[in-house]
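First the structure, in the form of structure tokens, and then the observations on it.
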Amino acid sequence: MRITFIGGGNMAEAIISGIKKTNLVYNITVSEPVKSRRTHLLETYQVNVEKNNVIAIQKADLIILAIKPQSFNELSSEICEILSVNQTILSIMAGINLHHISMNLNHHKIVRVMPNTPAQVGKGVAVWTATDSVDSEMLKFIKAIFQSCGLETQVNEEKYIDIATAISGSGPAYVFLFIEALIDAGVKLGLESSLAKKLAIETVLGSAHLASNSTKQPSELRRMVTSPGGTTESGLKTLESHGFNTSIDRAVNSAFNRGIELSKEVK
Ligand SMILES: NC(=O)c1ccc[n+]([C@@H]2O[C@H](COP(=O)([O-])OP(=O)(O)OC[C@H]3O[C@@H](n4cnc5c(N)ncnc54)[C@H](OP(=O)(O)O)[C@@H]3O)[C@@H](O)[C@H]2O)c1
391 MRITFIGGGN MAEAIISGIK KTNLVYNITV SEPVKSRRTH LLETYQVNVE KNNVIAIQKA
451 DLIILAIKPQ SFNELSSEIC EILSVNQTIL SIMAGINLHH ISMNLNHHKI VRVMPNTPAQ
511 VGKGVAVWTA TDSVDSEMLK FIKAIFQSCG LETQVNEEKY IDIATAISGS GPAYVFLFIE
571 ALIDAGVKLG LESSLAKKLA IETVLGSAHL ASNSTKQPSE LRRMVTSPGG TTESGLKTLE
631 SHGFNTSIDR AVNSAFNRGI ELSKEVK
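Its first residue numbered 391, the sequence shown is counted upward by one per residue in our numbering.
Written as structure tokens, this is what we have:
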């Protein structure tokens with residue numbers, strides 16, 4: 391199976407590194423305009439690199455669109471005439487829906503995936519859906535690619551991809567911001583920044599691991615560390631009084647709405 395990535399940015403690299411850590415054998419080509427990125431991808435992952443999209447997709451069975459949504463229209467006019475009916479298009483672009491991709495490329499075999507960057511370390515989560523024309527062998531293949539990057543889940547309704555974009559696609563950035571804030575607060579109280587960083591990261595990692603392995607709900611695990619009148623209760627009350635939950639809810643809604651705006655902007 392031959393895979394061509396169009397765009398060799400952060401997310402494409404995360405998926406390639408996931409695939410390369412497994413025993414799955416694929417022929418991977420990356421089409422990327424920036425020479426330094428091509429050199430980096432060639433040297434790090436031993437993939438084929440190309441700067442011309444038309445040449446890069448010629449022999450591909452699966453074409454992965456890993457470009458920004460704003461670049462999609464320009465790319466569509468470049469490749470729509472040369473796509474063959476047997477090729478499958480897989481898009482990781484935020485906000486661009488299956489119908490839009492199909493109309494722009496005049497093509498029917500389309501898969502839409504929302505991955506995330508922890509795929510770089512095999513801990514990604516990918517939510518995906520496909521049009522009816524994608525055959526079962528290709529569906530199995532795509533499942534294997536995203537299993538190599540962490541968890542994957544196929545959904546029947548495209549609306550779930552838009553919601554996942556705001557939760558798991560953008561989510562790592564929310565978590566990194568939380569880690570940064572914990573580090574800053576620790577340093578302000580007098581910790582060495584290296585120790586503050588270690589404590590913040592291990593706390594998030596350990597808590598996620600516990601939540602993932604426990605039969606208890608996250609809310610119950612939270613209550614278990616919150617003794618009445620104690621330090622945690624005091625911290626949580628301050629988070630609540632500063633609108634922590636509301637902030638997260640608004641952040642997710644804002645990311646979700648930005649996806650809808652993006653889909654209109656690139657029409
Ligand atoms: N990063 C994430 O966490 C994440 C998560 C889920 C989904 N996504 C989606 O993944 C897509 C890519 O995101 P990213 O973070 O990987 O972006 P990125 O790092 O900016 O990568 C995009 C790459 O594609 C190249 N490119 C742009 N136009 C091109 C064209 N016409 N032909 C070939 N290559 C082209 C860009 O080169 P230039 O720099 O020269 O423009 C850049 O190297 C976006 O649609 C985003 O919504 C990202």
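Positions of the beta carbon are idealized from the N, C-alpha and C atoms, including for glycine.
To the nearest angstrom, report how far apart residue i and residue j are at their CA atoms.
i	j	result
glutamate 548	lysine 425	35 Å
isoleucine 551	valine 503	7 Å
isoleucine 454	tyrosine 564	26 Å
leucine 431	serine 466	24 Å
valine 615	alanine 554	29 Å
alanine 402	threonine 605	35 Å
isoleucine 591	glutamine 510	17 Å
lysine 411	asparagine 506	17 Å
glutamate 433	arginine 427	10 Å
isoleucine 573	lysine 499	46 Å
threonine 394	isoleucine 406	11 Å
lysine 530	isoleucine 447	21 Å
alanine 586	asparagine 487	42 Å
glycine 561	arginine 612	20 Å
leucine 495	aspartate 639	35 Å
leucine 414	leucine 452	15 Å
glutamate 630	threonine 621	14 Å
serine 641	glutamine 544	Note on residue identity: the sequence assigns alanine, not serine, to residue 641. The straight-line gap from Cα to Cα measures roughly 25 Å.
alanine 534	alanine 601	26 Å
Taking 6 Å as the cut-off, is the CB of residue i close to at least one heavy atom of ligand 2?
i	result
methionine 493	The model on display carries ligand 1 but not ligand 2.
Between residue i and ligand 1, is there a pair consisting of the residue's CB and a ligand heavy atom that are separated by less than 6 Å?
i	result
valine 424	yes
glycine 559	yes
asparagine 400	yes
leucine 541	no
proline 618	no
valine 530	According to the sequence as given, residue 530 is lysine; it is not valine. Outside the cutoff, so no.
proline 508	no
alanine 484	yes
isoleucine 457	yes
asparagine 442	no
serine 461	yes
serine 466	no
isoleucine 447	no
serine 421	yes
glycine 397	yes
proline 608	no
Quick one: is residue i buried, meaning 16 or more other Cβ sit within 10 Å of its Cβ, or exposed?
i	result
lysine 449	exposed
glutamine 670	Absent from the structure is residue 670, since the part of the chain shown begins at 391 and ends at 657.
valine 379	In the structure as shown, the chain starts at 391 and stops at 657, and residue 379 therefore has no counterpart that could be examined.
phenylalanine 566	exposed
asparagine 442	exposed
phenylalanine 462	buried
glutamate 542	buried
histidine 497	buried
glycine 559	buried
proline 508	buried
alanine 556	buried
glycine 408	buried
phenylalanine 634	exposed
glycine 625	exposed
alanine 575	exposed
alanine 404	buried
(message) Whether or not the region 436-446 and the region 393-406 are in contact is what I'm after, with contact meaning three or more pairs of Cβ atoms, one per stretch, closer than 8 Å; do they touch?
(response) Result yes; three or more Cβ-Cβ pairs closer than 8 Å.
(request) May I ask you to verify whether the region 482-491 touches the region 635-655, counting CB pairs closer than 8 Å and requiring at least 3? (result) A contact exists between the region 482-491 and the region 635-655.
(message) Measuring CB atoms only, is the region 515-527 touching the region 585-601, in the sense that at least three cross pairs come out at less than 8 Å?
(response) Put simply, the region 515-527 does not touch the region 585-601. Fewer than three CB pairs are less than 8 Å apart.
(request) Check whether the region 404-420 touches the region 462-478, counting contact only when three or more Cβ pairs, one atom from each stretch, lie closer than 8 Å. (result) Contact between the region 404-420 and the region 462-478 is absent, because fewer than three Cβ pairs lie under 8 Å.
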